[in-house]
Every structure is written in C-alpha cells, then in structure tokens.
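Let me begin by presenting the structure, written as structure tokens, before commenting on it.
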Amino acid sequence: MQDKTRTVLTLALAAAGLVATAAHAQEKVKIGLVTDMSGLYADLEGKNGAIAMQMAIDDFGGKVLGQPIELLTADHQNKPDIAASKAREWIDTQGVTMVFGGTNSGTALATAKVAAEKKRVYFNNGAGTSVLTNEQCSPYTVHYAYDTVALAKGTGSAVVDRGGKSWFFLTADYAFGHALEADTTTVVKAKGGTVVGAVRHPLSASDFSSFLLQAQNSKAQILGLANAGGDTINAIKAAREFGINKSMKIAGLLVFLTDIHSLGLKNTEGLLHTTSWYWDRNDASRQFGQRFFEKTKRMPTDVQAADYSAVTTYLKAVQTAKTTDSDKVMAELKRMKIDDFYGKGYIREDGSFIHDMYLVEAKSQAESKKPWDYLKVIATLPGEQIFTTKAETKCALWK
Amino acid sequence: MTVTLPALLSQLLLGLVNGSFYAMLSLGLAVIFGLLGVINFAHGALFMMGAVIAWMGATYWSINYWVMLLLAPLLVGAFGIVIERLLLRRIYRLDPLYGLLLTLGLTLLIEGAFRSAYGVSGLGYDTPELLEGATSVGFMMLPNYRAWVVAVSVAVCLATWFLIEKTRLGAYLRAGTENPRLVEAFGINVPLMVMLTYGFGVALAAFAGVLAAPVIQVTPLMGQNLIIVVFAVVVIGGMGSIMGSVLTGLGLGVIEGLTKVFYPEASSTVVFLIMVVVLLVRPAGLFGKEA
Amino acid sequence: MKKLAPVAYGLLLLALLAAPFLGAYPVFVMKLLCFALFAAAFNLLLGYTGLLSFGHAAFFGGSAYAAGYAMKAWGATPEIGLLLGTAVGALLGMGFGLLAIRRQGIYFAMITLALAQMVFFAAVQAPFTGGEDGLQGVPRGRLFGLIDLSNDLTMYYLVVAVVVAAFALIARSVHSPFGQVLKGIKENEPRAVSLGYDTHRFKLLAFVLSAALSGLAGALKTLVLGFATLSDVHWTASGGVILMTLVGGMGTLSGPLVGSAVVVLLENKLGEIGAGIASFTGLAWFNTLGESVTMVTGLIFVICVLAFRRGVMGEAQALATRWMRGGR
C-alpha cells in the first residue's frame, strides 16, 4: 500500500512538475523584431533599433515573470512576404509572444495580419501608415511611435500656415507613400490649399531627376516629399542639383535625425518637419541619447527611442498582468498610463499610442554648437489633437 | 494633362543622359558578344564594381574622381581578364547559354559580396567640383555633370567603334572570332586577343560605372535592373553590331524620356515592348546581320 | 537503375507523409514542395525540350495573383483557385509560346524575358495586386466547401497530394511517345522535322504544359502562405528556377526536386547552417554565412556550370551507370 501511494505521489508530483514547467515555458517572453536592416531604412531603425531594445530589456532586469527575456531579430529587406513568413515561423516554431514590426508600412500591414490571425501582440514603430489603426485596425495591434495622420497634421498644417498653398507630391509608390500623400492632401485642402499634382516613384529609386522635373513643371509652391529614409535624402540632393529648391520650397513629410546627419545642415537648413522625440529636448532625453551614443556612436532617432520605450511598456504590462496571454496583456496595455523619457500618454482603443509630437526645424550651421545639434523645437503638438479623431476613424474597435 | 514644351524637352534631355549609359554598357556587351560569343550577364555587376570602387577610392584613400575614371576601369578590367582566363575559357566550346548561366552566377557572387559588405542602401558619391553647378538651357537647369556624361559617352563609343571597324587591330579581332585557327596560323595570338577583348569590354562597363556614381545611387544592386534593359538594347540593335547597340542605346534613352512625359509608369517597360516587336519583324535586330 | 527509381520515390513519399510528425515545420515543407513543382514544370521545357525560358516567373507569379485574388475577393474555394491558377498559367503560356517559339536559343530566351517583364509591369500597375505591398490576407478557405484548410496539417496533406499528382503527370508525359518526340527535338530539331514531326506544335504543347503546371505551383504557394507579391513575378524568380533545375540536373526527373530543395534550404537555413559549421569548426566567421545567401548561391551556380553541368542527379545517375557497367 505504501509503495503504491508513493508511486502515485511521485507520479503526481512529476505531473505537477511537468505542468509547472510547461506553464512556465508559456510564460517566457520572446520578442521578435523584423525590420529593414540593410536597405534604405536601415539607418533610422535597423540594427541600432535592436540595440535600443536590448538596452530596455537589460534595464528591466533581463527577466520578467521569473523567466529570461529573449530578443530575436530578422531583416525583411522591405519585402512583405519575407516579413510575414518570418513572423509566422517565429510564432509557430519559436514561441514568440510579441511580434515587433519596424519600418516599411507594407511589411507592417502584412505582419499585423499574421499576428492578428495567430493572436499575438503586435507593436510597430517606424511604419507610418495610419491604416494600421484605422481601416485595418486589430485588437492586437499597437501603433506606438507616430503615423501618417500625425505627420500630415503637423507638417502639413505648419507649411500651409506659413504660406505654402499649392502642393506637388513626390510619393513612394507603396502603402506608406499613399497614406502620407492622402492624409496630407486632406489637411492641405481643409486649410484651403490646392494639390496641383503628384508623381509616384518606386521604392528605393535610383534616380529622381525625371520625377523632380515633372514637379518643377507643375509650378507648385511646395514640393511635398511623401517618402522617407534613403528616398528622402536622394530626392533632396537631386532637387538641389537641378536648382529646384530655388523655385519650390521642399516639405519633408517624414524626416529623421539620420537624414539630417547624412545630408548635413548645409542642405537641410530650415527644413520643417514633425517628430515624436528629439534627444536634446530635455534632460531625460539627453541622458538616454548619451547612453545610446556610447553603444553605437550615433545619437538615436525618434524611432530608436520609441523602440526602447515600447519594449519597456510591454514588459511592464506583462508583469502587471502576470501572464504573456495576448488578450490579458492587450487589456493591460490599453489600461495603463505611460510616462517615460520618450512620451507621456496612453494607448487608445484603436491601438494608437496617444502622446505629444513636436514641430521641429533644422538649424543653420552657425546655430549648431555641438555634434548632432541639428534641430530646434518650434511647437509642441498635443496628442489628443494630432492623431486620428473619433469622427474620422473607420476602426470598429473605437466607435 | 497638358504637355508643355519645356516639360517635353527637359525629359528628352534627361533621357539622352540615361541613353548614354545604355549606349556605353551595351557597347561593352556587344563587343564581348560580337567578338567572343559570350553573353556576359555579369556586365551589370561589373558596372557596379566600377562605381563602388570609385566610392571606395574616394572614401578610404581620398582618390579623386578623375583618377578613378582611369583607375577603376583598369582594376575591373584586370579582374575581367582573370575571370576570362580561369572561368570563361572553359566553356567556349559549349552552348552559348552556358556562358549566360556562368556569368549569371558570377553576378550573384559579385553582388552578394558587395551586399554583405555594404548593405543595399546608397553610398553617397559627390559630383566632382569642376563639374558642379548647372547651366540654364532655357527650359531647364541642366546640371553640368550630366552634360559631361553625354559628351564623354559619345566620344568613347565613337572611339571604340572606330577602333574595331576601322583599324588593323580591330580587323584581327573580327577575323579572330570568325576563324580563330586561320588567324592563329598567321602568327597572331588569338587567346591573348580574346582575353584582352573581354578585359576591354569589362573596363568599358566599369568606366560607365564611375560616370554613373554621382548620378545614380551607388548600391550593390545598381546593376541589376540595368542589365536586363541593356540586354534588350543589344538584342534590338543586333547582337553583333557595335554601332547598332550604341544608336539603340541612345535612342532608347530618348524614347524612355518621351514615355515619362505621357505615361511615366511604363517608361521602364517600353524597351521590352520594342524588343518583342523588333524580334518578330526583324529577327536579327535592327542593325544585325542574319546568321 | 530503373528498378531503383520507384523504390526511391516510394521512400520519399513515405518520408513526406511522416514529416510533420518527425518535427518538420509543415509550412516550410509546403513551400519546398511548391517550388519543387515549379522546378519540375520548368524542367519539362528546359531539360526535356531544350528550350531555356527566362520568363517563367510570369506564369508562377501571374497565377499566384489570379488565384489569390479569386480566393480573397470573390471567395472562391481553394480547388477553384488552384484550377484558375493552372488555367491562367496555360493561357499565358499559350500567348508567350505563340510569340516565342519561332525563335531559337538566346532570342527565344530574350522574348520570354521581355514578355515576362510586361507581365511584371502589369502586376505593378494593376490595383488589385497591391503593388509593392502585395496581395495579402488570402484565406485558406474550405476545400470543396467542406474541409477547413486553416489547419496546417490538413493543408499539408492537400499540398502533398496535389504535388505528387502533378509530378506523376510530368513523369507520365516524359515517358510517353510525346516525351520521346520532345527529346528528339531537343537533340536534333532538323532531324525531327525531316521525320515529319510538326516541331512547332510539340514545342508549343510542351510550353503550355510547363506554364500551366508552373501556374499551379504559384497558386498553391499563394494558398499556403496567404500572399502573392512582386517577388513572384520578378525576373530573379525566373533566374531562381533556372538555378534549381541546373543544380539538380537538367535532363532528369528527380533533379528539379533535389535542386529546389537545395536552393530553398539555402535561402532559408543558411544562417543556421553557418552557425552549425561555426560551432563545429570553431571558426566564428561562419556565423556570418547567413548574410551571404546571394554569394553562396552564385558560387554554386558557377561551380555547377563549370564542373557539374549534369547537376546532382545527373552526376548521380552517370555514376550509377558507370558502376553497373564497369563493376568498379
């Protein structure tokens, strides 16, 4: 009788142990970052974005719910099929609990779909398309850093207010460019401006000259660049080469610190644009910037700062919810208040992180006193006004 | 959309600049095919090598543009000679399609190597100081550098055509491809000639690469989309005809410019439409000789 | 040798059927199978008829988009999607074939490339393809309206069934009198003509069959992965299938299977292979192998053309024949 009892007890304990480890295994946080690591957007997030995320993990203690946190990374090469396949494979075979999408809106939309299908939390920093939290919103998507609506309302309004009434768009021919062009057109027209025309260029175009000539021939006042990263840099360079900047004012609808660094203040002085964060804005930001600089020899862009903040936010939510279960974590994410060096605000029902954005202008070379001292903050754009409003949204989650 | 004359003329002028690149690249390709019978798919990758080497020279050793204009073709030409000796020589006796496949493999190797080193985003290359700035030509500001590109390309193409069609060296080359045994019997070292010809054709591609560096984005993949267009140009012009390639290259640049005014999205595809039509109507190409 | 073949295929089939239970990731094996079918279909034209097409991506990708759109926007059931994909492939193949067949060698290849580029252009411009963003969110649907395919395992067995059936069709064609005529055309077309065969008709038929099955592969891939993108119609996809056939062995039936496995494994697992070699040899450099997929692919291409023209299966068969004859 004793033997039997002992056997049963041992088996029970073993079973309990198995269940416990199984449960523990499910509670391990694995974040999968898939972004552009080698192409035209590699500088603004890329490998350094992964470093920022690792910093967040280390600062959090490297562990949550008693389990070590793991970060996986992959390069989607700006191809939606690679991004979606990687996300799916990670979820199916690696037990990834949170899919983190980076730059490129086409890949973001594809990956968000996979995450929604498989019920995993999906964060995105860097992809602009407002469609992520509007027509294609999902209960598992968090659009953290910024979106095309905020950029349009920020830069678009500011430029029109300063006299830029007629616009010609140079648009990257994919989800992001289309969204940015559409959102900015809405803002420009609402303020009484006109859109004279638009031309679409392939992503990562090699030569902008023919597109820019079309822009010049349109006789519009403003050349609106509805593109980003390498495309923006090359468009600005070519515009100067053909003397177009003399007859038209250039409005960069999405510009990053790394773009200014690459072009130099000589080429970008006075460039007005909207950003979600700048390293020299206050002490906490400067502190993060300094730490990041020590690791990468570059100051962080707003996307890289957002990467740090987003990971910390997610880890806090997991800790509070005491589980990695996607539905419970999402509920906590939408309940909690966020307040760190990056931004202060909350995550709305449609998945947007509502926080303030900033209208900035590139300094002149004379005004720049130290390395990476490129921008001055002109205005703060309140979060409640700058993102899609309830009246405008088509998202079923927020009606 | 109303088409204004300035719009039309400016696109045509830009098209001429692109056409110069097409002409130079298809010239090298035509020389190699016409005289060697090799379909050199690696031409795009070698063009890229020329541009990237120019960038490397400027970035690491501060070698200026003018020196690189001579140095890069020499370096890449030498690389080409090595390829010819080690690899191409072994497949001459086979179906020419193997030459295509081998050079396709080489393309992947070369592009992959540079891609691992530099990623795919652009490496900035500045216009040489002497050619900075733009001149007004009435309907647009034409950057001086682009005018230079057209001038140099036309000069080089004419010089090459003259060399091959009008000089004794050229005569040896042409004879050597038609009947190597006979020419060798005359005491001329045909394998050496073939090797140098490949090197020369490759050097032309690299030269075009250096020319292109300030204009197009210098990236490891810059040759990829150009190569199929250049192939189309050579096929349209007639695969053995050097003048045919040059004229077709320039012409295509202009036609692309025209297309950009009326139907911009089709500009990269119009060459293929032309190729299909030409191949159906004149199978050997516009200037080619029927085999 | 001939007697070994059915045994080998039988073992392969068993391995495929058991694979999900042996730890293989079903989605990955399904992707492999789709490309294996694509390569086998391509080989029908290259290895058995001697025609090098540089535009097969048009059939693969064009059908991928057609099937994807039908299943997503029209709610077509999977079997309709697959049939539609095959039909689109066949139709495109007919169009391409009628224009290209008149020419030989490099000109034939160039015409197929040009036509494929026009299909690429159409894919970029047409609104329904989604351009750079691709056609996303294609549902798995219910086969015949009954069997739910969203379960990876169910989908897997459907893919195995379709690919095996298509492959059997190819094998049958190759060993039939039709196949013999094709081989004759490949070896010596003038002689075939002089024997009274209408070689144009045969070449066209081979082209259409090859295109149709490539279309089936494309539609199948869309069903499995849920998207169709510009990568499927880009000319590098045409280059990829040429590589698969070359590496595997052009004139053999099993060659494309081996070749596609090598190429797909390379593209997806090179990082892991590199890490494995690194830990085995202790040389850290191998860890970076994952970033050099293009280079390694190119290297294999070059080596194959120089030394390995018959491909893996071609060399294997030659070796086996030598053994059996020479008894060495």
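Residue numbers (my numbering), protein chains in the order written: chain F, 1 to 399; chain B, 1001 to 1291; chain P, 2001 to 2328. The C-beta atom is built at its ideal place from N, Cα and C for all residues, glycine as well.
The C-alpha of V2029 of chain P is placed about 41 Å away from the C-alpha of I1216 of chain B. With respect to chain P, the C-beta atom of P139 of chain F has no partner C-beta closer than 7 Å. Under the three-state reduction of DSSP output, H143 of chain F falls in the strand class. Taking a C-beta distance under 7 Å as the contact criterion, P382 of chain F and D356 of chain F qualify as a contact pair. Excluding its 5 nearest sequence neighbours in each direction, I57 of chain F has C-beta neighbours in its own chain below 7 Å: I69, L71 and V311, listed in chain order. Looking at the DSSP output, M357 of chain F shares a beta bridge with F:L381.
Distance check between E2315 of chain P and each of P:G2249, P:F2035, P:A2168 and P:D2152 places P:G2249 closest, using alpha-carbon atoms only. Interface with chain B (7 Å Cβ-Cβ cutoff): N245 of chain F is excluded. Taking 8 Å as the cut-off between beta carbons, the residues of the region 1105-1127 of chain B near chain P are G1105, L1106, T1107, L1108, L1109, I1110, E1111, G1112, A1113, R1115 and S1116, in sequence order.
In the structure shown, S2292 of chain P adopts helical secondary structure according to DSSP, grouped into three states. Listed as beta-bridge partners of Q67 of chain F by DSSP are F:V64. Shown here for Q1011 of chain B: same chain residues with a beta carbon closer than 8 Å to its own, the five before and five after excluded, namely G1257, L1258, K1260 and V1261 in chain order. Within 7 Å of the CB of G230 of chain F, the CB atoms of chain B belong to S1121 and G1122, in sequence order along the chain.
DSSP places P1191 of chain B inside the alpha helix (DSSP H), whose first and last residues are V1190 to A1212. 7 Å or more divides the Cβ of T258 of chain F from the Cβ of D302 of chain F. If you check each beta-carbon in the region 2238-2253 of chain P against every beta-carbon of chain F, none falls closer than 7 Å. Residue contact check for L40 of chain F against chain B: a CB pair falls below 7 Å.
R1181 of chain B: member of the alpha helix (DSSP H) spanning P1180 to A1185, first to last residue.
Taking C-beta separations shorter than 8 Å and ignoring five residues to either side along the sequence, the partners of D81 of chain F in its chain run A110, following chain order. Under DSSP, K344 of chain F forms a beta bridge with F:D339. Chain-order list of chain P residues neighbouring A84 of chain F: Q2136, L2225, G2226 and F2227, by C-beta distance under 8 Å.
A Cβ-Cβ distance of about 14 Å is found for the pair A2067 of chain P and T2229 of chain P, leaving them out of contact under the 8 Å criterion. Put simply, the CB of Y1065 of chain B is far from chain P, with every gap to its CB atoms at 7 Å or more. Taken through DSSP and simplified to helix, strand or coil, I1063 of chain B comes out as coil.
Around E2291 of chain P, the beta-carbon contacts reaching into chain B at under 7 Å are S1116. Close to M2110 of chain P, with beta-carbon spacing below 8 Å, are these residues of chain B in chain order: F1231, A1232, V1235, M1275 and L1279. E45 of chain F sits away from G95 of chain F, with the two beta carbons spaced by 7 Å or more. Assigned with DSSP and collapsed to three states, L2253 of chain P falls in coil, not helix or strand.
Under the DSSP assignment, K118 of chain F falls in the alpha helix (DSSP H) whose first and last residues are S105 to K118. The Cβ-Cβ distance between Y358 of chain F and T380 of chain F falls below 7 Å. In terms of beta-carbon proximity, D81 of chain F lines the interface with chain P, with at least one pair separated by less than 7 Å.
Using a Cβ-Cβ cut-off of 7 Å, F1287 of chain B does not count as an interface residue toward chain P, since no Cβ of chain P sits closer than that to its own. In this chain, R2103 of chain P is not harboured by any beta strand (DSSP E), its DSSP state being neither H nor E. The closest CA to that of K153 of chain F, considering only F:F168, F:E135, F:F169 and F:E181, is found on F:E181. Residue-level contact check: L1014 of chain B touches chain F, since one or more beta carbons of chain F fall below 7 Å from its beta carbon. Taking the Cβ atoms as the reference, H201 of chain F lies roughly 18 Å from D183 of chain F, outside the contact range of under 8 Å.
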